[in-house]
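Protein chains: 2
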Amino acid sequence: MSSSKHHDHKRCVTSALENAAAICSSRGLRLTPLRRQILELVWHSHRPLGAYSLMEMLAEHSGRKLVAPPTVYRTLDFLVEHGLIHRVHTLNAFVGCSHPAGPHSDVLFICRECQTASEVHSPQVYKAIHICAAEQQFKVVQQMLEVVGICAGCAARKP
Amino acid sequence: MSSSKHHDHKRCVTSALENAAAICSSRGLRLTPLRRQILELVWHSHRPLGAYSLMEMLAEHSGRKLVAPPTVYRTLDFLVEHGLIHRVHTLNAFVGCSHPAGPHSDVLFICRECQTASEVHSPQVYKAIHICAAEQQFKVVQQMLEVVGICAGCAARKP
DNA sequence: CCACGTTATGTTATTATATAACATTGGCAA
DNA sequence: TTGCCAATGTTATATAATAACATAACGTGG
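Protein sequences appear in the order of chains L and X. Each residue of the first sequence is one higher than the one before, counting from 38 in this note's numbering. Each residue of the second sequence is one higher than the one before, counting from 38 in this note's numbering.
Written out as structure tokens, the structure is:
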């Protein structure tokens, strides 16, 4: 499926994992097997995955005993908290963060057709939001910007 | 509760309802009693309300027979579809739209402390997002921008 | 090494959110 | 009136998330 943009997906996953390992190590966090597996599964798909899908995949995939919801959610919380994945609220799902070290000032474009979610770093948008917040004297803790529509690939395929 | 900013809330609700009635009438939509009641309840609170809270409120409030989830969701869908309310994804909740006639290019600021959600129209943010989308050749269907943080009022109260 | 506190995971049950599928009602126009 | 269509009602169930408590694994100071 996916693999739309001719990028080497296996490599892409591998590098994301290495990246995550480096980040965890540098911050004194433990990238346990479970965390690593879930991160890998999330990354394996470029489309956001729900917690329950992940549970199933874990069960099949890794021959694990069957991981219960709380375990998955805790793990996802960990990954979100440390910026390794994003929660996609419009889909109740999770997707890998493509630049986990940075400040997470990004826009998530979600394609209606192929469900691919791509994260775009946009200082302009970020700045506009913060100016707007400042005008309200609103102190930003966390922002969430999700745009739903049709990606370039799908638009091309469906004229 | 709320009534933070010294605005006359009753009036504010009333005008929102009148506004909605006008919009429906002009578009040939039916603002039925149920729709009207739910819209009123949503507006009555400036904080986003969940579907199930609304159900309870309907039951107590309007002496109605007890409205089941599908009915509430359908009604909420109608109101969202025609821009009379917004869905707040970060909270799985709904809040009145303060300018239902316009193009809905707005930012929703949600206060962590008092749960108030306020909608701010910001052409700058809107523009930045669309420029960013254009760069990706992404066709925007719907966008969602929610910012969580501390509102001016709460920041003032808690030094 | 081991006793202990801490962090991570397991387990069971439950709550919260949302929709599917089909039945009934009510307005309205031919 | 009849017949259609939109709105609401009803029953059951799917999907998402958390609470509360139990156990295991990890590492540090003694």
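The beta carbon of each residue, even a glycine, is placed where N, CA and C say it ideally should be. Here the structure is a predicted model, which means the values were calculated and not measured.
Q. Beta-carbon of L:Gln174 versus every beta-carbon of chain X: anything under 7 Å?
A. yes
| task | May I ask you to list the residues that DSSP assigns as paired with L:Val109? | result | For L:Val109, which the question treats as bridged, DSSP gives no partner whatsoever.
>> Please determine whether the Cβ atom of L:Val50 lies at a distance below 6 Å from any heavy atom of the ligand GDP.
In response: Summarising the ligand content, the structure contains no ligands, and the ligand GDP is consequently not present.
- Within the 7 Å Cβ cut-off, does X:Ser159 reach chain L? yes
ask   = Which word fits L:Val178, buried or exposed, when buried means at least 16 other C-beta atoms lie within 10 angstroms of its C-beta?
value = Per the 10 Å Cβ criterion, exposed.
Item to check | Span of the alpha helix (DSSP H) around X:Gly190 | outcome: That run of the alpha helix (DSSP H) goes Ala189 to Arg194.
Considering only the beta carbon of each residue, do L:Leu145 and L:Cys134 sit closer than 7 Å? no
Check: For the 8 Å Cβ check, are there 3 or more pairs between the stretch 183-195 of chain L and the stretch 160-175 of chain L?
Finding: no
Next on the checklist: What does DSSP give as the partner residue(s) for X:His200 in the beta ladder?
Outcome noted: Absent from the model: residue 200 of chain X. The displayed extent of chain X is 38 to 196, so no value can be given.
Excluding the 5 residues preceding and the 5 following X:Ser41 in the sequence, name in chain order all residues of the same chain whose CB lies nearer than 6 Å to its CB. The predicted position of X:Ser41 is uncertain, since its pLDDT is 47 and thus under 50; no value can be drawn from it.
**Prompt:** Of the residues that make up the stretch 114-129 of chain L, which ones have a beta carbon closer than 8 Å to any beta carbon in chain X?
**Reply:** His126 and Thr127
With distances taken Cα to Cα, identify the nearest neighbour of X:Gln37 among X:Gly65, X:Glu55, X:Pro160 and X:Arg64.
Lying before the first or after the last residue shown, residue 37 of chain X is absent from chain X, which here runs from 38 to 196.
- Task: Classify L:Gln174 as helix, strand or coil using the three-state DSSP reduction.
- Result: It is coil, neither helix nor strand.
(message) Are the CB atoms of L:Pro85 and L:Val50 within a distance shorter than 7 Å?
(response) no
query = In three-state DSSP terms, what is X:His44?
reply = Three-state result, X:His44: coil.
Q.
If you follow the alpha helix (DSSP H) that L:Ala88 is in, where does it begin and where does it stop?
A. Ala88 to His98
Cα-Cα, which of X:His158, X:Gly186, X:Thr108 and X:Pro140 is closest to X:His119? X:Pro140
| Close-in-space but distant-in-sequence residues of the same chain around L:Thr112 (CB under 6 Å, 5 per side omitted) | Leu71, Arg72 and Ile75
For this session: Just tell me which of L:Pro137, L:Leu95 and L:His123 has its CA closest to the CA of L:Ala154.
Result: L:His123
CA-to-CA distance, X:Met94 to L:Val184, given in whole angstroms: 32 Å
Using the Cβ count rule (16 or more neighbours within 10 Å means buried), how would you classify L:Tyr163?
buried
### Query
Who are the near neighbours of X:Ala57 in its chain, counting only those whose CB is closer than 7 Å to its CB and skipping five residues on each side?
Leu68, Leu76, Leu121 and Pro137
Exercise. List the residues of chain X whose Cβ lies closer than 8 Å to the Cβ of L:Arg84, in chain order.
Key: Chain X residues near L:Arg84: none, gap ~15 Å exceeds 8 Å.
Do we get a CB-CB distance below 7 Å when we pair L:Ala192 with the residues of chain X? yes
**Item:** chain L contact for X:Met94 (CB, 7 Å cutoff)
**Value:** no
#### Entry: Continuous alpha helix (DSSP H) stretch holding L:His81: start and end
Pro70 to His81
- Query: So, is the C-beta of L:Glu183 closer than 7 Å to a C-beta in chain X?
  - Reply: yes
message: Just to confirm my understanding: we take L:Leu66, look at its own chain, exclude 5 residues before and 5 after, and list those with CB closer than 7 Å. What are they?
response: His119
| request: Check X:Arg64 in the structure and name its three-state DSSP category. | output: helix
Margin query: Give me the DSSP bridge partner(s) of L:Ile122.
Written below: DSSP, once it has assigned bridges, lists L:Gly133 as partnering L:Ile122.
Report task. Under 7 Å Cβ to Cβ from X:Thr127, same chain only, skipping five residues before and after it: list those, please. Result -> Ile147, Glu183 and Val185
query = So, using beta-carbon positions, are X:Ala165 and L:Ala165 closer together than 7 Å?
reply = Contact flag set, yes.
*Using a Cβ-Cβ cut-off of less than 7 Å, give me the residues of the stretch 127-158 of chain L that come near chain X, in sequence order.*
Hits within the stretch, in order: Thr127, Val144, Phe146, Arg149 and Val157.
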